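Down below is the structure, laid out as structure tokens.
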Ligand code: UDP
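Residue numbers (our numbering): 1 to 141.
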């Protein structure tokens, strides 16, 4: 299996609940290494750009408002099969449908306030990482 990198965001609901450390533990015990991290309060245009693929969806405006409602913690995770591994650790988009023991089942309240974001494919991971981290700020080994 290939070593991959993926972009993870701990969303405003989970930052407000003070569970960044608990979520980091899930990444680490799940075989992912945190190789870059920063806390950011996204602007409206940052959030609109980040979620541009969802622009036509009915939940877009609410999603953008939620993502700018407070600071988020953004990190690059590295490991074997990191993109899928992170998605597995996160659980389903709707926490009610997320498997027991996943981050969303344990820390998310609803489909819109669902604790974490994770890139869904190699290309999106590369684009999302580039959006937040210049190569200089990534510490692979
Ligand atoms: N979302 C929402 N309502 C929905 C579907 C999605 O608010 O009915 C939000 C939710 O925060 C989700 C994000 O939009 O995490 C992106 O949706 P996607 O389908 O890409 O889910 P994800 O990849 O985050 O599991």
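Every residue gets a Cβ at the ideal spot worked out from N, C-alpha and C, and that includes glycine. Keep in mind it's a predicted model, so treat the numbers as computed, not measured.
Inset, instruction - Say whether chain D places a C-beta atom closer than 7 Å to the C-beta of residue 94. - result: Chain labels in this structure do not include chain D; a single protein chain is all it has.
Inset, instruction - Could you tell me whether the Cβ atoms of residue 74 and residue 26 are closer together than 7 Å? - result: Using a Cβ distance threshold of 7 Å, residue 74 and residue 26 do not count as a contacting pair.
Legend entry - Endpoints, the alpha helix (DSSP H) within which residue 68 is located: Note, residue 68: premise wrong, no alpha helix (DSSP H); not H, not E.
Legend entry - With 16 other Cβ atoms within 10 Å as the buried cut-off, status of residue 119: Buried is the call here.
Inset, instruction - Measuring alpha carbon to alpha carbon, tell me which of 83, 52, 112 and 114 ends up nearest residue 123. - result: 83
Legend entry - Complete runs of the beta strand (DSSP E) confined to the segment 20-97 [at least 3 residues]: 33-40 and 72-80
Inset, instruction - Counting only the same chain and skipping the five closest in sequence on each side, list residues whose C-beta sits under 8 Å from that of residue 62. - result: Once the five neighbours on either side are set aside, the close Cβ partners of residue 62 are 112.
Inset, instruction - Return yes when the Cβ of residue 79 is within less than 7 Å of the Cβ of residue 21, no when it is not. - result: Not in contact: residue 21 and residue 79 (Cβ atoms no closer than 7 Å).
Legend entry - Proximity test, residue 93 beta-carbon vs the ligand UDP heavy atom, cut-off 6 Å: yes
Legend entry - Residue(s) in a DSSP beta bridge with residue 4: 79
Legend entry - Stretch-stretch touch, CB-based, cutoff 8 Å, three pairs: the segment 64-73 with the segment 5-22: Yes: the two stretches touch, three or more of their Cβ pairs being nearer than 8 Å.
Legend entry - Heavy atom of the ligand UDP within 6 Å of residue 114 beta-carbon: Relative to the ligand UDP, the beta carbon of residue 114 is positioned inside 6 Å of a heavy atom.
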